[in-house]
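Asker: Below is one structure. I have some questions about it.
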Amino acid sequence: MAGASLGESSGDMKYETVIIDHEGQRSNCGYCKSSSDSAISHGLSALSMTVEDYQELIDRGWRRSGKYVYKPNMENTCCPQYTIRLKADEFVASKEQVRVRKKMKRYSLHFIV
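If you're matching positions, the sequence shown starts at 1 in my numbering and goes up one per residue.
Right, dumping it as structure tokens:
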């Protein structure tokens, strides 16, 4: 598949997702620095993408770097990348996290000129 287009309409304007499918990609791993093209993923170039389509990809384990969207092949890649999601508006810091934040704030004040 060289390209795909999915439509979302909003009022008078029509927004589309336009992608180029690069299929399977192999590259050097940025984590273990392996030189044997051991990082394996499926990649797409997103020329344009609706918010809904982007959210659906993210919910299915895809990642983004600029306009490049990719999904690591967790079974075959050298260093699997696991997604950890946090609902920021529902986050409540633990006592330990508050303590560390205060300690870091005090520490950083020593370096402000």
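Glycine is no exception: its CB is placed at the ideal position from the N, C-alpha and C atoms.
#1: Going by DSSP, what residue range makes up the beta strand (DSSP E) through ILE84?
#2: Which residue's Cα is closest to the Cα of TRP44: LEU57, MET104, THR83 and LYS14?
#3: In angstroms with no decimal places, state the Cα-to-Cα distance between THR83 and HIS110.
#4: What is the rounded straight-line gap between the Cα of ARG101 and the Cα of SER108?
#5: Does the beta-carbon of ASP59 have 16 or more other beta-carbons within 10 angstroms, so that it is buried, or is it exposed?
Answerer: A quick look at the data gives this:
#1: Neither: ILE84 is in no beta strand (DSSP E) and is coded neither H nor E.
#2: Here the sequence assigns Leu to residue 44, which means Trp is not the residue at that position. Relative to the Cα of LEU44, the nearest Cα in the group LEU57, MET104, THR83 and LYS14 belongs to LEU57.
#3: 35 Å
#4: 10 Å
#5: exposed
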